[in-house]
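So for the sequence shown, my numbering puts the first residue at 93; every next one is plus one. Positions of the beta carbon are idealized from the N, C-alpha and C atoms, including for glycine.
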Amino acid sequence: MRDRIDPLIAERAPWLFSNSPYVQPIRAVLNRMLGYEKTLEIGSLVQEMSADQIMRVMAEMLAKDTEVIGLNHLPRQGAALIVANHPTGIADGIMLHHALGQIRRDTYYFANHDIMRVLPQYAEMIAPVEWRKEKRSHGKTRETMAYTRQAVDEGRLGVIFPAGRLAKRRGLSLHERPWMASAAMIARKFDLPVIPVHIRARNSVLFYLFDLLHPTLRDITLFHETLNKARQPYRITLGEAISPKALPAKSEEGIEMLRRATLALGGPKAPAVSLVDATRRPSWLKV
93 MRDRIDPLIA ERAPWLFSNS PYVQPIRAVL NRMLGYEKTL EIGSLVQEMS ADQIMRVMAE
153 MLAKDTEVIG LNHLPRQGAA LIVANHPTGI ADGIMLHHAL GQIRRDTYYF ANHDIMRVLP
213 QYAEMIAPVE WRKEKRSHGK TRETMAYTRQ AVDEGRLGVI FPAGRLAKRR GLSLHERPWM
273 ASAAMIARKF DLPVIPVHIR ARNSVLFYLF DLLHPTLRDI TLFHETLNKA RQPYRITLGE
333 AISPKALPAK SEEGIEMLRR ATLALGGPKA PAVSLVDATR RPSWLKV
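1) For Val-289, does the count of other Cβ atoms within 10 angstroms reach 16, so buried, or fall short, so exposed?
2) Work out the CA separation of Val-121 and Ile-312 for me, nearest whole Å.
3) Per DSSP, what kind of secondary structure is Ile-186 in: helix, strand or coil?
4) Is the CB-CB distance between Leu-339 and Ala-243 below 8 Å?
5) Which term fits Val-365, buried or exposed, when burial requires 16 or more other beta carbons within 10 angstroms of its beta carbon?
6) Between which two residues does the alpha helix (DSSP H) carrying Pro-307 extend?
7) Let me know the secondary structure DSSP gives Ile-252 once reduced to three states.
8) Considering only the beta carbon of each residue, do Pro-336 and Glu-268 sit closer than 8 Å?
9) How far does the beta strand (DSSP E) with Ala-176 in it reach, from first residue to last?
10) Compute the Euclidean distance between the alpha carbons of Pro-106 and Leu-314, then round it to the nearest angstrom.
11) From Phe-109 to Asp-245, what does the alpha carbon distance come to, in whole angstroms?
12) According to DSSP, is Glu-159 part of a helix, a strand, or is it coil?
13) Name the one or two DSSP bridge partners that Lys-260 has.
14) So what's Val-286 in DSSP terms, helix, strand or just coil?
15) Going by Cα to Cα distance, which pick from Gly-231, Glu-235, His-230 is closest to Ala-215?
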């Protein structure tokens, strides 16, 4: 498992793998802080499981404080598309899978292909997407569309985080980054009803501190910020389905419509996510 995870870390923070005598102590400290050995242990535990089994095991570990509203808006069968905000990272997908699994067990996700470098079995659940413009190609786009067409033909439920990146912290709130128009294009192209989903959650103080210090420090918290979510509450709200025929012909206008509908589900602090409201309260403060 180490040989799968280390290359991902090296791509995000090449300096960590320098032979400099000054770097080795820093790397040792970061490994302890970010639970590197625990990540390897869990990776080895799940590496022979199917993608759905992995999602279930991870949900058992992490989904300790989740509340879901509006599941009645989710179609019980047939092809459809969920668009969601993206406050925390990989854990957003795990928690959503856990919530949606009460009704649907055929979900697939538009996500970066890096997860399949660690766990190749996710090919059954991931429509690979390249969010970075400089690395996109016609070949990669065709691969994504081919996966989507097959999933739609099979009547599966798709999930996409159109921002492609985590929400940005400003002060004590999280703000969703601009959405890419591909979700609106896919909905119209494949005639998919779209269900907006809002996730209220946050990452740890350490993540936001590292984000302030340097982006490479932030980026190497990828696995740590997945495995620490048993300590964080997740509030998930599903809105009413939007007909693909209701979307404007221009994808840019369509995605703005979907973004507004999604963020409006965030409650009184919308369109932002309050870090304070998304923080786990001590047990003695809970009603």
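With the structure as the only source:
1) By the 10 Å Cβ count, Val-289 comes out buried.
2) About 13 Å.
3) helix
4) no
5) Buried, since its Cβ has 16 or more Cβ neighbours within 10 Å.
6) It spans 307-311 - the alpha helix (DSSP H) in which Pro-307 sits, taken as one unbroken run.
7) Reduced to three states, the DSSP call for Ile-252 is strand.
8) A distance of 8 Å or more separates the beta carbons of Pro-336 and Glu-268.
9) 172-176
10) Cα to Cα, the separation comes out at about 15 Å.
11) Going by C-alpha positions, Phe-109 is about 45 Å away from Asp-245.
12) strand
13) His-267
14) strand
15) Glu-235
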